[in-house]
Ligand SMILES: Cc1cc2nc3c(=O)[nH]c(=O)nc-3n(C[C@H](O)[C@H](O)[C@H](O)COP(=O)(O)OP(=O)(O)OC[C@H]3O[C@@H](n4cnc5c(N)ncnc54)[C@H](O)[C@@H]3O)c2cc1C
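Numbering (our numbering), first residue to last: 355 to 750.
Here you go:
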């Protein structure tokens with residue numbers, strides 16, 4: 355197990371830490387530590403300006419290969435970046451879907467023309483992406499998508515019809531990647547296409563969905579003859595599943611590793627409250643705080659174990675597959691712990707309905723942690739089938 359970073363990595367740490375010290379102030383002071391879970395609706399424009407600032411400093415897309423505009427940073431350096439970013443109170447990243455999902459997918463599967471068209475906007479922090487996978491009858495069972503794509507010879511374009519749901523930040527995005535059925539008679543993972551669609555067009559309607567926190571981070575998205583350029587399909591018609599699954603590998607990969615610092619900040623805040631309000635004298639709460647601390651250390655060690663075996667090719671080991679299940683469950687429990695430490699105060703909204711405190715928002719939003727990015731049950735299937743090689747569950 356690798357327990358420390360190299361001297362070169364530590365130098366990289368100092369570089370990013372000092373850049374953040376110099377730049378995350380002034381006009382950006384107000385967005386420090388904002389835009390995280392349960393707070394993601396706050397300051398979108400200011401956070402987009404921050405993305406452009408990061409881009410100027412060369413701090414967007416650092417894990418992308420240099421020939422595509424990234425820094426070619428190793429997994430270790432990417433973890434360091436996320437750690438220092440969280441330590442400095444960096445705001446929730448508006449560009450994370452483009453940087454973490456669209457970019458790596460286009461680099462792996464996209465045509466040169468697609469790479470040239472779409473990567474620069476992500477790198478520069480000027481164009482934002484959302485993920486059009488889930489539908490009312492296709493969540494865990496993603497291969498059940500019903501949205502259709504038909505090529506219109508006269509227009510020379512794909513026409514998209516159907517509905518997506520839970521589309522995070524659709525209202526803030528210029529583009530959406532969409533899985534749709536290119537063969538209307540197909541079922542399951544065959545006959546799908548992976549499309550790159552412009553959001554600002556008459557054929558697309560975005561309707562916000564209000565969440566438990568009273569905010570609208572995600573949306574329903576309706577496609578009614580929405581147009582998509584002939585060249586804006588990644589891979590061939592019918593090959594969309596391969597691309598879609600490749601993308602999910604990035605979602606469950608390195609981009610989640612650095613979040614532990616954010617968790618540490620939350621746990622520190624809870625410990626401080628417990629000390630201040632006397633909750634720390636309750637042995638049962640003290641035990642749960644200790645468990646939370648231990649869980650966070652385990653997350654850390656598992657990340658380090660993953661790092662110690664993985665190469666610099668961005669690939670992750672089987673150990674990484676336990677990460678989503680572990681952190682999501684841990685964080686949901688942390689939300690509950692926060693409420694119990696706050697005691698009766700947890701049930702009071704300071705300024706009126708939905709004027710939630712940071713930990714109240716975190717608690718409510720953390721209920722979603724065990725759902726998005728693959729539910730806990732689906733994570734267990736992934737561990738069983740892909741990491742442990744157990745028999746696949748029967749599929750319809
Ligand atoms: C905050 C948030 C943001 C999201 N953002 C996006 C986004 O930007 N884009 C997008 O496309 N989607 C997004 N989603 C949707 C998310 O991917 C789905 O909610 C998730 O995949 C689960 O699908 P579902 O909601 O349809 O639940 P279902 O799949 O209907 O699952 C219902 C229950 O059945 C269980 N279950 C289902 N299948 C199995 C099985 N085979 N074995 C055991 N148990 C099973 C599930 O674990 C769950 O408990 C988001 C969701 C949330 C909560």
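Where is the CB? At the ideal position from N, CA and C, for every residue including glycine.
Residue nearest to residue i in terms of C-alpha spacing, selected from the options
i, options, result
"residue 366", "421, 430, 405, 529", "430"
"residue 408", "368, 577, 376, 600", "376"
"residue 575", "438, 486, 437, 547", "486"
"residue 386", "370, 703, 404", "404"
"residue 433", "567, 360, 591, 495", "360"
"residue 550", "571, 489, 457, 641", "457"
"residue 708", "590, 565, 724", "565"
"residue 370", "428, 392, 436", "436"
"residue 743", "415, 672, 384, 657", "672"
"residue 567", "700, 447, 710", "710"
"residue 488", "747, 739, 727, 705", "727"
"residue 553", "563, 729, 460, 521", "521"
"residue 402", "416, 392, 382, 412", "382"
"residue 604", "620, 358, 450", "450"
"residue 444", "497, 476, 372, 464", "372"
"residue 524", "690, 562, 415", "562"
"residue 537", "590, 702, 723", "590"
"residue 659", "645, 600, 675", "675"
"residue 636", "599, 695, 685", "695"
"residue 505", "747, 691, 592, 448", "592"
Any non-hydrogen atom of ligand 1 closer than 6 Å to residue i Cβ
i, result
"residue 485", "yes"
"residue 731", "yes"
"residue 722", "yes"
"residue 726", "yes"
"residue 493", "yes"
"residue 521", "yes"
"residue 548", "no"
"residue 572", "yes"
"residue 428", "no"
"residue 715", "no"
"residue 488", "yes"
Bridge-paired residues (DSSP) for residue i
i, result
"residue 572", "563"
"residue 534", "547"
"residue 577", "516, 558"
"residue 368", "DSSP lists no partner for residue 368."
"residue 506", "511"
"residue 593", "Residue 593 is not bridged to any residue."
"residue 697", "DSSP output for residue 697 lists no bridge partner at all."
"residue 552", "529"
7 Å Cβ cutoff, residue i in contact with chain C
i, result
"residue 398", "No chain C is part of this structure, which consists of one protein chain only."
- Message: Three or more C-beta pairs under 8 Å: does that hold for the region 646-661 against the region 711-725?
- Response: Three or more Cβ pairs closer than 8 Å define a contact, and the region 646-661 falls short of that threshold against the region 711-725.
- Pairing CB atoms from the region 514-533 with CB atoms from the region 499-506, are three or more of them under 8 Å? They touch, by the three-pair rule.
- Query: Taking one C-beta from the region 505-514 and one from the region 537-545 each time, how about it: are there three or more such pairs within less than 8 Å?
  - Reply: Under the Cβ criterion (8 Å, minimum of three pairs), the region 505-514 does not count as touching the region 537-545.
- Query: Taking three-plus beta-carbon pairs below 8 Å as touching, is the region 571-584 in contact with the region 554-562?
  - Reply: Verdict: yes, contact present.
- If we count Cβ pairs, one from each stretch, closer than 8 Å, do we get three or more for the region 463-473 versus the region 393-401? The count of Cβ pairs closer than 8 Å, one atom from the region 463-473 and one from the region 393-401, stays below three, leaving the stretches out of contact.
- Message: Three or more C-beta pairs under 8 Å: does that hold for the region 731-746 against the region 669-680?
- Response: By the Cβ criterion, the region 731-746 is in contact with the region 669-680, since at least three pairs of Cβ atoms, one from each stretch, lie closer than 8 Å.
- Query: Do three or more CB pairs link the region 522-530 to the region 471-481 at distances below 8 Å?
  - Reply: With the cut-off at 8 Å, the region 522-530 and the region 471-481 touch.
- Is the region 613-626 in contact with the region 435-447, if contact means three or more CB pairs nearer than 8 Å? Contact between the region 613-626 and the region 435-447 is present, because at least three Cβ pairs lie under 8 Å.
- List in chain order: all unbroken alpha helix (DSSP H) runs of 4+ residues lying wholly within the region 418-504. You should have 429-441, 457-463, 466-477.
- Message: Please give me, in chain order, every unbroken run of the alpha helix (DSSP H) with length at least 4 that falls completely inside the region 718-745.
- Response: For the region 718-745, whole alpha helix (DSSP H) runs of length 4 or above, ordered along the chain, are 730-736.
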